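Residue numbers for the sequence shown follow our numbering, beginning at 2 and rising by one. Don't be surprised by glycine CBs; every beta carbon is placed ideally from N, CA and C. Keep in mind it's a predicted model, so treat the numbers as computed, not measured. First up is the structure itself, then whatever we jot down about it.
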Amino acid sequence: IWGIAVDNINHKIAVCCYRRDAVLLFNETKELQCRINCPFPTCVCIESKRRNVVVGTSGWGVFVFNERGELLNRTRKFKCFGLCISSESCILATNSSESKVSIFKMNGKEIPGFGKSGKKEGDFEWPVGIGIDENSKEIIVADYANRRISKFEEKSKNYITSAEGLEYPVLAFQGVRCL
């Protein structure tokens with residue numbers, strides 16, 4: 002198991018099963034609603050409004066499925082180990098292939114992301130986790146290789162601050178739009 006997402010509005014739970022090339026979607030009574038076949042799933046979010054299941058993969062990019070497991074859209078190929086949904090229903094995905102955060106519409110269309118490879122403030126070496134703090138409206142990104150967690154403004158994507166010298170952060174937390 003790599004990633005888990007909880008949709009508290011529609012009472013769904015999605016679980017990534019990396020070695021089985023699948024995401025399992027459960028309903029509120031813990032019954033399996035459907036199996037979504039997807040190569041090497043690493044992270045998952047549920048978009049509550051449209052009930053879409055968004056899956057990041059190790060090398061195949063991001064896939065968008067409906068709650069019946071039907072593929073709706075997909076992005077270009079890259080390594081994604083963390084993703085979340087913005088307040089505008091955009092997909093923010095850690096792009097470990099290019100050391101940045103890639104941003105996509107639900108239809109798979111890429112829009113400008115942020116970050117670049119490096120060690121300076123706002124740079125990434127291997128971003129692996131991402132979330133949005135609903136209270137502060139800040140994007141929080143875990144950078145495994147730079148050993149830090151960085152904050153950015155959700156709307157402008159401007160760098161705010163970092164917590165440095167962490168022991169290989171991966172960022173798994175609650176209180177954000179996506180686990």
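Just mark residue i as buried or exposed, buried being the case when its beta carbon has 16 or more other beta carbons within 10 Å.
i, result
"residue 133", "buried"
"residue 149", "buried"
"residue 48", "buried"
"residue 13", "buried"
"residue 33", "exposed"
"residue 104", "buried"
Is the beta carbon of residue j closer than 8 Å to that of residue i?
i, j, result
"residue 171", "residue 142", "no"
"residue 85", "residue 93", "yes"
"residue 52", "residue 28", "no"
"residue 87", "residue 123", "no"
"residue 155", "residue 140", "yes"
"residue 38", "residue 15", "no"
"residue 70", "residue 36", "yes"
Could you tell me the distance, in whole angstroms, from the CA atom of residue i to the CA atom of residue j?
i, j, result
"residue 60", "residue 100", "14 Å"
"residue 114", "residue 146", "20 Å"
"residue 96", "residue 30", "34 Å"
"residue 76", "residue 165", "31 Å"
"residue 180", "residue 8", "Unreliable placement is indicated for residue 180, whose pLDDT of 33 sits below 50; no coordinate value is reported for it."
"residue 160", "residue 5", "28 Å"
"residue 18", "residue 138", "30 Å"
"residue 136", "residue 90", "17 Å"
"residue 163", "residue 21", "36 Å"
"residue 127", "residue 50", "31 Å"
"residue 111", "residue 26", "26 Å"
"residue 109", "residue 167", "33 Å"
"residue 40", "residue 98", "17 Å"
"residue 74", "residue 107", "7 Å"
Does residue i come out as helix, strand or coil in the three-state DSSP assignment?
i, result
"residue 160", "strand"
"residue 51", "coil"
"residue 77", "coil"
"residue 148", "coil"
"residue 69", "coil"
- Touching by the beta-carbon criterion (3+ pairs, under 8 Å), the stretch 112 to 120 and the stretch 69 to 89: no
- Could you tell me whether the stretch 34 to 45 touches the stretch 55 to 65, using the rule of 3 or more Cβ pairs below 8 Å? yes
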